[in-house]
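*Asks:* Using the working numbering, you'd call the opening residue of the sequence shown number 423 and step up by one each time. Cβ atoms here follow ideal geometry from the backbone N, Cα and C, with glycine treated the same way. Being a predicted model, the structure only gives us computed values, none of them experimental. Got a structure here, written out as structure tokens. Questions coming.
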Amino acid sequence: VALSTLGGISLWSVVVVLPAVQAEFAVDRATASLPYTLAMIGFALGGVAMGRMTDRIGIMLPALISAVALAIGYVAAAKATTLWQFALVHGVLIAIGGAAYFGPMVADVSHWFSRHRGIAMAVAASGNYLAGAVWPPLVQHFTQTLGWRQTYLLIGLVCAAMMVPLALMLRRKAPEQPPRIATTVPSRASLGLSPRTLQIALVAAGFCCCVAMSMPQVHTVAYCGDLGYGVAHGAQMLALMLGLGIVSRVGSGFIADRIGGLPTLLLGSIGQMLALLLYLGFTTLPSLYAVSALFGLVQGGVVPSYAIVIREYLPAREAGMRFGLVVMATLLGMAFGGWISGAIFDLTGSYAAAFANGALWNLANAGIAVALLLRRVRGRIIPLRPAPSVAADR
């Protein structure tokens, strides 16, 4: 959790400095969103590579590589002289720097638990949102007092000093899975889908849900500035949203341990869609805080639910790579959603159509979850089979 909280800065720093970067480089909102878009694409591709590496050799080396890349990336971004340099650093170094600390780490944690695996994975995934609660107010404060370039230099130093020692603590490789365990989880055959088909369905669902999710997460700071409330209020709303997202993630783990990953995914999807629609009717400062809090409470458990579904229905030895593919889809969705929301704003002069666009993508995600859930049959308990005795062999 400590590592993913520190590494999570890679997702949130550019969101907070977006107005300052837009002003310094004199570009429109859609262009200023490109560093975030490239960061999501790089994070997505890096997550698949780091996930495959984690499946083979464990989490320590991917975590160490990411820590070093993150530190170098923030120093390089602080020295950028053009928006494209700034964007490319985010898309390569900073993206790789954050890649090991979500999908690969959650997949690695899943191998350490049999009972309460859902809550264990949810706790591991909560570091990403804890980062969103902690970092935006800090980045906003130092951006106002020191400027965004000095803030980025400071982040790079913090990452180097704290993350490398923490990564070295993960030397021990996850234990091998026992050959026979009792489970109440449905077998993957109970969906009537091949692993490839289920993977494709989860990738499509992940893309759709995160196109929707990106609208509040990427543009809340700028939205509050446009409404005249100031970017500081936007950073506070983002922190509130992501802080309550931790509650949602941990809560979704408890729920998933009881009802399974697919129903938990559907509950989160429906809640997220309803919260997005509420943004259309409320624009006062108190109501925006309230809707942002509600959005955080309902959407935090959506992405971890994919990891739980993968562990329920797909081979454990491929968990890092397969969840990495889903995370890649979610991040591509965040990248596309962050850009398209800015483009819709530039076209219409308002974020109302962008919120409606997000709700439609969320409807597609809920539809996929419903289709998968309808294919599920009630799971059977697989009994433990005692090993044959020597006497029986004779």
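Indicate whether the contact test is met: 3 or more Cβ pairs, each with one atom in the stretch 547-562 and one in the stretch 502-515, closer than 8 angstroms.
*Replies:* Flag = no, the stretch 547-562 and the stretch 502-515 do not touch.
*Asks:* Count the other CB atoms, across all protein chains shown, that sit within 10 Å of the CB of Ser709; report buried if there are 16 or more and exposed otherwise.
*Replies:* That one is exposed.
*Asks:* Using the rule of at least 16 other Cβ atoms within 10 Å of the residue's Cβ for burial, across every protein chain shown, is Arg594 buried or exposed?
*Replies:* Exposed, since its Cβ has fewer than 16 Cβ neighbours within 10 Å.
*Asks:* Comparing C-alpha positions only, which one of Thr504, Ala442, Gly525 sits nearest to Met817?
*Replies:* Nothing can be reported for residue 817, as the shown portion of the chain is limited to 423 through 816.
*Asks:* With contact counted as at least three CB pairs below 8 angstroms, one residue from each stretch, are the stretch 610-627 and the stretch 514-534 in contact?
*Replies:* Because the criterion of three Cβ pairs below 8 angstroms is not met, the stretch 610-627 and the stretch 514-534 do not touch.
*Asks:* For Leu425, report the span of its alpha helix (DSSP H) as first-last.
*Replies:* Element bounds for Leu425: 424-429.
*Asks:* Should His538 be labelled buried (16 or more other beta-carbon atoms within 10 Å of its own) or exposed?
*Replies:* By the 10 Å Cβ count, His538 comes out exposed.
*Asks:* Under 8 angstroms by Cβ, that's how I've got Met659 and Asn784 pegged, so tell me the actual separation to the nearest angstrom.
*Replies:* The pair is not a contact, with the Cβ atoms about 20 angstroms apart (cut-off 8 angstroms).
*Asks:* Less than 8 angstroms between the C-beta atoms of Ala521 and Gly468, yes or no?
*Replies:* For Ala521 and Gly468, yes; Cβs fall inside 8 angstroms.
*Asks:* Would Tyr728 pass as a contact of Leu613 if the rule is Cβ separation under 8 angstroms?
*Replies:* Against a cut-off of 8 angstroms, the Cβ pair of Leu613 and Tyr728 comes out as no contact.
*Asks:* Measure the CB-CB distance between Gly578 and Gly430 and report whether it falls below 8 angstroms.
*Replies:* Going by C-beta atoms, Gly578 is not nearer than 8 angstroms to Gly430.
*Asks:* Just mark Met472 as buried or exposed, buried being the case when its beta carbon has 16 or more other beta carbons within 10 Å.
*Replies:* Burial call: buried.
*Asks:* Looking only at C-alpha atoms, which of Leu620, Met527, Val720 sits nearest to Leu700?
*Replies:* If we check each option's Cα against that of Leu700, Val720 comes out closest.
*Asks:* Could you check where the alpha helix (DSSP H) with Ala452 kicks off and where it finishes?
*Replies:* Start and end: 451-454.
*Asks:* Between Gly675 and the rest of its own chain, which residues show a CB-CB distance below 6 angstroms, the 5 nearest in sequence each way excluded?
*Replies:* For Gly675, where only same-chain residues beyond five positions count, the Cβ hits under 6 angstroms are Gly540, Ile541, Ala544.
*Asks:* Among the residues of its own chain, which have a CB less than 7 angstroms from the CB of Val633, if the five just before and after it don't count?
*Replies:* For Val633, where only same-chain residues beyond five positions count, the Cβ hits under 7 angstroms are Gly755, Phe758, Gly759, Gly780, Trp783.
*Asks:* Using 8 angstroms as the threshold, is the C-beta distance between Leu688 and Val792 below it?
*Replies:* Cβ distance < 8 angstroms, so Leu688 and Val792 count as in contact.
*Asks:* Assuming contact is defined by CB atoms lying nearer than 8 angstroms, are Leu552 and Val423 in contact in what I supplied?
*Replies:* A contact, by the Cβ cut-off of 8 angstroms.
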